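Residue numbers for the sequence shown follow this note's numbering, so the first one is 7 and each next one is one higher. Remarks on the structure that follows.
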Amino acid sequence: MDQGLTDFLRDYVDALERGTAALFVGAGLSLAADLPGWGKLLEGMAREIGLDVGKEHDLVSLAQFHVNRYAGSRAHLAALVRRTFDREVVIPDNHRILARLPFGHVWTTNYDEILEAAWRQAGRVLDVKSRSGDLTTSDLEADAVLYKMHGTASQPDEVVLTKDDYELYSRKRPGFLQLLGSDLTTRTFLFLGLSFTDPNLGHVFAELRRCFEDGQRQHYTILRRPSGAYEAQRFEHVVADLRRYGVRTIVVEDYAQITDILRRLERRRAQRSVFVSGSFPEDGDEKEKVFVSAIARGVGRIVGAKDLRLVTGLGRVVGPAAVTGLVEALDGRSAAAISRRLVVRPVREVVPPGAALDAWKRKSREDLIAQSGVMIVVGGLRRGAPAPGVLEEFEIAKAQGLVVLPIAATGHAARVIHEALRVMPAEDLPREVDAASFEALGAETRDEATILAAIERCLGRLGA
């Protein structure tokens, strides 16, 4: 793997985990939804005023020329924006992946509403800011804030498009520039689909460089290398120039590689969250219950020591023991630090009117497991047989692509799951876990240190 990509994945996952990651989306990312770029958007307007958009490099002035032609009226421009962007589109893969990542702040210069649709599809809420007045209010239920600094298609009369709009931006929309400057100072940005020619972005970058010349924050962008010799040479100068502003470039040869990188990012981030599955009856064999609890508690300590997130449906034995281990490992840390490292979502037993119990419980499990990249199975006994709920969680985890680590020595569902995975073709096993480490999880031993060492090795190979 390229060193620049390795550094990006490591640093950006850390920023996502700390809650300091931000995203900036430009028009290039919307092309996959069959939406036009600026040139295509203004093609008809250029013809109306006797110009050829293919020969124009200053498209902001072109839009201004059109407004001038109609005595300052923006009606034609507003109608074009609404007609072009205010419509249903198929959400591209890149947007879907981004909507599943825990961004607190998202910025865009796009008028389209693909980001909003992607977040809705992911079951997440965006607090959309497209006008200056929006900046003074907050949606306390929102998962993230979306700053549409050039306006939105559903308010086409207020979009930023002409030369007038850009020249008067700092007076009409000063709050956006101030907030963007603040975010660029305190957050780690990933820029996608941008050409970095936007005057407002350039102004903010220049101001930050003036204020923090020797201590700029590190940001990232992913750009495709042009194919032409001259364009490729110029591209190298652009990449070098971005470094002046603290923007490090990940270079790809094909746009499809951007999707691959985002998938790697999502997977790497998910593997920072460990779902501990399992169960054991409170009135079960006391000696075995003590053993299962000790293993679950040890798993929790490992998760905490590695600064990972523990995800659990709680239950009565395995979940509480794992939580105890996590808290022990984080002893001395703040309540906020512990809160960030713990997700507790008991499987819902109270069913809404008209809902089927089994379907409702499965949906609860799916939502819980979706927050993780690794599943560790401890025990799993119910009424003298492998617990059906734990086996169902295994099937869900497989379908969602989690790395599953069953501790067979704890018996019951964990043993069943280890046997099921052991007979699978080697290519179907998680590529991140080597055969020796996986076999160690199947050892018939009651030595807690040996079992926990095997878990620690497996998590270590996952980069945790």
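Don't be surprised by glycine CBs; every beta carbon is placed ideally from N, CA and C. Given the structure is predicted, the values throughout are model-derived calculations rather than measurements.
Does the distance from the C-beta atom of residue i to that of residue j stay below 8 Å?
| i | j | result |
| --- | --- | --- |
| residue 353 | residue 319 | yes |
| residue 329 | residue 384 | no |
| residue 114 | residue 42 | no |
| residue 159 | residue 132 | no |
| residue 100 | residue 264 | yes |
| residue 33 | residue 98 | no |
| residue 309 | residue 356 | no |
| residue 152 | residue 18 | no |
| residue 408 | residue 378 | yes |
| residue 418 | residue 387 | yes |
| residue 381 | residue 405 | no |
| residue 65 | residue 72 | no |
| residue 120 | residue 36 | yes |
| residue 29 | residue 109 | yes |
Going straight from the alpha carbon of residue i to that of residue j, what length do you get?
| i | j | result |
| --- | --- | --- |
| residue 224 | residue 253 | 6 Å |
| residue 74 | residue 50 | 16 Å |
| residue 303 | residue 391 | 23 Å |
| residue 361 | residue 343 | 37 Å |
| residue 10 | residue 256 | 6 Å |
| residue 269 | residue 441 | 25 Å |
| residue 449 | residue 136 | 58 Å |
| residue 415 | residue 146 | 46 Å |
| residue 251 | residue 184 | 17 Å |
| residue 76 | residue 245 | 40 Å |
| residue 199 | residue 229 | 8 Å |
| residue 301 | residue 401 | 23 Å |
| residue 172 | residue 157 | 12 Å |
| residue 94 | residue 282 | 40 Å |
| residue 105 | residue 337 | 33 Å |
| residue 179 | residue 154 | 11 Å |
| residue 61 | residue 340 | 60 Å |
| residue 368 | residue 175 | 50 Å |
| residue 513 | residue 8 | What is shown of the chain runs 7 to 470, which leaves residue 513 out entirely. |
| residue 26 | residue 425 | 41 Å |
| residue 365 | residue 358 | 11 Å |
| residue 241 | residue 57 | 28 Å |
| residue 218 | residue 144 | 30 Å |
| residue 291 | residue 443 | 29 Å |
| residue 266 | residue 40 | 20 Å |
For the beta strand (DSSP E) containing residue i, name the first residue and the last one.
| i | result |
| --- | --- |
| residue 194 | 194-198 |
| residue 381 | 380-385 |
| residue 229 | 225-230 |
| residue 312 | Neither: residue 312 is in no beta strand (DSSP E) and is coded neither H nor E. |
| residue 255 | 253-258 |
| residue 30 | 27-31 |
| residue 364 | Counting along the chain, residue 364 falls outside any beta strand (DSSP E), though it belongs to the alpha helix (DSSP H) covering 363-375. |
| residue 134 | 132-135 |
| residue 162 | Careful: residue 162 lies outside any beta strand (DSSP E) and carries neither H nor E. |
| residue 410 | 409-413 |
| residue 353 | Here residue 353 belongs to no beta strand (DSSP E), and DSSP marks it neither H nor E. |
With respect to the alpha helix (DSSP H) encompassing residue i, which residues constitute its N-terminal and C-terminal limits?
| i | result |
| --- | --- |
| residue 344 | 341-346 |
| residue 89 | 81-91 |
| residue 284 | Element bounds for residue 284: not the alpha helix (DSSP H) but the beta strand (DSSP E), 279-285. |
| residue 423 | 419-428 |
| residue 61 | Here residue 61 belongs to no alpha helix (DSSP H), and DSSP marks it neither H nor E. |
| residue 17 | 9-24 |
| residue 267 | 262-276 |
| residue 245 | 235-249 |
| residue 153 | Taken as a continuous stretch (DSSP letters only), residue 153 belongs to no alpha helix (DSSP H), being part of the beta strand (DSSP E) at 150-154. |
| residue 324 | 324-335 |
Mind reading off the beta-carbon distance from residue i to residue j? Whole number of angstroms is fine, and I expect it under 8 Å.
| i | j | result |
| --- | --- | --- |
| residue 285 | residue 321 | 5 Å |
| residue 22 | residue 48 | In fact, because the Cβ distance is near 37 Å, the residues do not count as touching under 8 Å. |
| residue 410 | residue 427 | 7 Å |
| residue 305 | residue 349 | Contact flag wrong, Cβ pair sits at about 15 Å. |
| residue 138 | residue 181 | 5 Å |
| residue 307 | residue 335 | 5 Å |
| residue 59 | residue 45 | 5 Å |
| residue 423 | residue 457 | That pair is no contact at about 15 Å. |
| residue 222 | residue 231 | Not really, about 25 Å apart at Cβ, beyond 8 Å. |
| residue 134 | residue 122 | 6 Å |
| residue 374 | residue 351 | 5 Å |
| residue 140 | residue 80 | Their Cβ separation, rounded to whole angstroms, is 20 Å, which puts residue 140 and residue 80 out of contact at 8 Å. |
| residue 15 | residue 271 | 6 Å |
| residue 467 | residue 439 | 6 Å |
**Request:** Could you say if the segment 231-241 and the segment 272-279 meet the contact criterion of at least three C-beta pairs nearer than 8 Å?
**Result:** no
**Asked** Do the segment 200-208 and the segment 122-129 make contact, defined as three or more Cβ pairs closer than 8 Å?
**Response** no
**Asked** Does the segment 423-431 come within contact of the segment 453-464, defined as at least 3 CB pairs closer than 8 Å?
**Response** no
**Item:** Inter-stretch contact (C-beta, 8 Å, three-pair minimum) for the segment 183-196 and the segment 161-172
**Value:** no
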